[in-house]
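Q: Let me give you the structure first, and then I'll get to my questions.
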Amino acid sequence: MSKPDELLVDVAALVESGRSNQMSLTVVTGGAVITGRLAPEAVWRQRVSEVLTDSARLGEFSAIFTATTREEGPPTHLHFHVARILQGTVGIPETGGMYRVSIADVSAWTMGDFSYSDH
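At position 47 of the sequence shown (counting the first as 1) the number is 170 in the working numbering, and the numbers step up by one without a gap.
Structure below.
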């Protein structure tokens, strides 16, 4: 979207307010379909930092995610956790991943997450 969808920005702002991390959303961006729950950016960054800290090869990147704070103004990105990229009848990764998606790059979206089948 050349101009981010104001309604989607409002949804992201409500999630950023910290009131809930239970909002399920599915977006189409760059030809990929991502489905999962949104998290406030600070929570998302903390979780990514924890995962990196636990990695023997990637631990040095951990501090990058805890050192940065969100700029003032409306949200510019969606922060998915427990999310999957839908590919055919499969959700990747099976356990759910963490994705950061620019709101400006979302071409379509819907409330809720799509179910998938890994069989």
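For every residue, glycine included, the Cβ atom is placed at its ideal position computed from N, Cα and C.
Whole angstroms is fine: what's the gap from E164's alpha carbon to V174's?
A: 15 Å
Q: Going by CA-CA distance only, name the one from H204, G154, V150, A186 that's closest to N144.
A: H204
Q: Which same chain residues end up closer than 6 Å to I208 when comparing Cβ atoms and leaving out the 5 residues on each side of it in sequence?
A: A155, I157, I215
Q: I'd like the list of long-range same chain contacts for T199, defined as Cβ closer than 8 Å, with 5 residues on each side in sequence excluded.
A: P127, S225, I226, A227
Q: Can you tell me the Cα-Cα spacing of T189 and R168, whole angstroms?
A: Rounded to the nearest angstrom, the gap between the Cα atoms of T189 and R168 is 6 Å.
Q: Report the CB separation of R180 from H202 in whole angstroms; it is logged as a contact under 8 Å.
A: That pair is no contact at about 24 Å.
Q: Judging by CA-CA distance, which residue of V132, S230, F237 is the nearest neighbour of T152?
A: S230
Q: Does the distance from the C-beta atom of L131 to that of W232 stay below 8 Å?
A: yes
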